[in-house]
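Written as structure tokens, this is what we have:
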């Protein structure tokens, strides 16, 4: 027990350090290869910070813990938008490019809507049980491949856009990214293990654990990375990290999880699915209606308060 709690505390230190390494290494690559920060954020950083969700879901799938697998993804996507972007905006208002508003965020929403259809066999097909099947998983991964193809097709930028980034040689940059990913993965894993152990001692349900403690724990890399990126003025990495992570969570992680073992879906979690959809729509609305396209501190505060209301609802629901 002591070792679990010790790693729980140390995990935060490793997590923050890993986030810093990942942002620096990714930004350096952006400058070296003239690739925009938004592409790096949507791919390398998003994949690295989604590693804890992937690890948790793989273990949950093998163990047959359906509610933890689904709750982890729903909860992570909700916390990514409401909590992480909210806190990041409170630190530094986030201005977003039009491509993210009209392409990446809508693609994120499309992925969530498709997942909602795939998860509700009872509603759409009149089935006795709703299951995210292996065929559904292959479909999700297919759309994930399309997302990656689009992302790497984003036009490269000039050196001026990445001129403020410290440029490292290729090997140190890759080592920083690899070290950052390892720090995020192990830090996030240790935090989640400790949190689950604590929660289990209070007799909480798998769904509640997945939507709250596990989701927040696995979202800590996104929080750390986005906050560090915002403080360094790399707002494209901050927003790209969140949007990319949400796409990774829905299409890649749930797709892979359902291929490992089909996931039985409880219709009670449709409320949480609606919150995921609503948070993505709200993000699009704020980006679309503000001039310039940004999440200011007022919007950030509203996002954080919305997340607190959602957590209170979960506690009341049990």
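Numbering (the numbering used here), first residue to last: 747 to 1064. Beta carbons are placed, not taken as given, at the ideal position from N, Cα and C, and that holds for glycine.
Point to revise | First through last residue of the beta strand (DSSP E) which encompasses residue 825 | key: Looking at the DSSP string, residue 825 is not in any beta strand (DSSP E), and its letter there is neither H nor E.
**Study point:** Where residue 877 sits in the DSSP three-state scheme
**Key:** strand
Point to revise | Assumed close pair residue 774, residue 935 - CB separation to whole angstroms, cut-off 8 Å | key: Their Cβ separation, rounded to whole angstroms, is 26 Å, which puts residue 774 and residue 935 out of contact at 8 Å.
Exercise for review: Would you tell me roughly how many angstroms separate the C-alpha atoms of residue 890 and residue 1000, rounded to the nearest one?
Suggested key: 11 Å
Check your understanding: Any contact of the region 986 to 997 with the region 869 to 881, i.e. 3+ C-beta pairs under 8 Å?
Key -> no
Practice item. Indicate whether the contact test is met: 3 or more Cβ pairs, each with one atom in the region 763 to 777 and one in the region 938 to 948, closer than 8 Å. Key: no
Check your understanding: Is it buried or exposed for residue 827, if we count other Cβ within 10 angstroms and need 16 for buried?
Key -> buried
Review point. What are the start and end residues of the alpha helix (DSSP H) that includes residue 1050?
Key: Judged by DSSP secondary structure, residue 1050 falls within the alpha helix (DSSP H) whose first and last residues are 1043 to 1063.
Check your understanding: At what residues does the beta strand (DSSP E) containing residue 1009 begin and finish?
Key -> For residue 1009, the enclosing beta strand (DSSP E) covers residues 1009 to 1011.
Check your understanding: How many Å lie between residue 1027 and residue 924 at the Cα?
Key -> Residue 1027 and residue 924 have their C-alpha atoms some 33 Å from each other.
Practice item. Have a look at 770, 1049, 985 and 752 and flag the residue whose alpha-carbon is nearest the alpha-carbon of residue 687. Key: It is not possible to answer for residue 687, since the shown part of the chain is limited to 747 through 1064.
Practice item. Give me the Cβ distance between residue 957 and residue 821, rounded to the nearest whole Å; I'm assuming they're in contact under 8 Å. Key: 4 Å
Check your understanding: Taking the continuous alpha helix (DSSP H) assigned at residue 1032, which residues delimit it?
Key -> 1016 to 1035
Review point. So what's residue 778 in DSSP terms, helix, strand or just coil?
Key: helix
Point to revise | Close-in-space but distant-in-sequence residues of the same chain around residue 963 (CB under 6 Å, 5 per side omitted) | key: 937, 938 and 941
Exercise for review: Can you grab the Cα-Cα spacing for the pair residue 931 / residue 817, in whole Å?
Suggested key: 19 Å
Review point. When the Cα atoms are used, what is the spatial distance from residue 876 to residue 892?
Key: 26 Å
Exercise for review: Return the CA-CA distance between residue 901 and residue 748, expressed in angstroms with no decimal places.
Suggested key: Reliability of the predicted coordinates at residue 901 is poor, the pLDDT of 49 falling under 50, and the value obtained from them is presented with this limitation in mind. Roughly 50 Å separates the two Cα atoms.
Review point. For residue 977, which of helix, strand or coil comes out of DSSP?
Key: helix
Review point. Alpha carbon to alpha carbon, how far is residue 809 from residue 915?
Key: 43 Å
Point to revise | Limits of the alpha helix (DSSP H) - the one that residue 863 falls within | key: 851 to 865
Review point. What number of angstroms, rounded off, separates the C-alpha of residue 788 from the C-alpha of residue 857?
Key: When rounded, the distance between both Cα atoms is 15 Å.
Practice item. Could you tell me how far apart the beta carbons of residue 1011 and residue 859 are, in whole angstroms, since I believe they sit closer than 8 Å? Key: Their Cβ separation, rounded to whole angstroms, is 15 Å, which puts residue 1011 and residue 859 out of contact at 8 Å.
**Study point:** Residue interval of the alpha helix (DSSP H) (run including residue 798)
**Key:** 797 to 809
Exercise for review: For residue 946, count neighbouring C-beta atoms within 10 Å of its own C-beta (all shown protein chains included) and say buried if the count is 16 or more, exposed if not.
Suggested key: Of the other Cβ atoms in all chains shown, fewer than 16 fall within 10 Å of the Cβ of residue 946; this residue is therefore exposed.
Check your understanding: Excluding sequence positions up to five away, which residues of its chain have a Cβ less than 7 Å from the Cβ of residue 750?
Key -> The residues are 939, 940 and 943.
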